[in-house]
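The structure appears below as structure tokens.
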């Protein structure tokens, strides 16, 4: 048991989810209804590690998607604050500065991405 690609039992699936959602291994073990020693033993199994890695990756992917979706709202809020004459000057200046900073960073990142893609093209052409 524990070989890569092997299916986990129900308790192990619950334990994987608990590790991802709980702040400590002890709380994860408690949530899964197992002893912490069992959880640590399962962590040594390739199949368990594989499922845990996949679950962590999916969790990060979902969080990243939500962040991307929220960026438009955040930008709209900052623009509204910067443009609203009733907003205190300090908050307006802070909103404007934030928009500028992240605008420049986004431009730099796009430029770096383009340069990286060109370098990768050159490397693959010469190979």
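In the UniProt record's numbering, the protein residues as written are 1 to 127.
We put the beta carbon where it would ideally sit given N, CA and C, even for glycine.
Fair warning: this is a prediction, and the values are worked out from it, not measured in the lab.
Query	Result
Cβ neighbours of residue 33 in the same chain (closer than 8 Å, five flanking residues each side left out)	11, 14
Residue span of the alpha helix (DSSP H) that contains residue 31, given as start and end	25 to 32
Residue 90 versus residue 81 - alpha carbon distance	10 Å
Pair within 9 Å by beta-carbon distance, residue 20 and residue 56	yes
Cβ-heavy atom distance, residue 38 to the ligand FAD, below 8 Å	Inclusion of the ligand FAD in the displayed structure is not the case, the ligand content being empty and no account of it being possible.
Secondary structure, alpha helix (DSSP H): runs of 4+ residues fully inside the region 60 to 126	89 to 126
Residue 52 in three-state terms, based on DSSP	helix
Where residue 39 falls: helix, strand or coil (DSSP)	helix
Contacts around residue 53, its chain only, beta-carbon distance under 8 Å, and the 5 residues preceding and following it disregarded	none
Cβ neighbour criterion (16 or more within 10 Å) applied to residue 127	exposed
Exposed unless 16 or more other CB atoms sit within 10 angstroms - verdict on residue 95	buried
Residue 10, enclosing alpha helix (DSSP H) - first and last residue	10 to 21
Beta-carbon spacing of residue 6, residue 47 below 9 Å	yes
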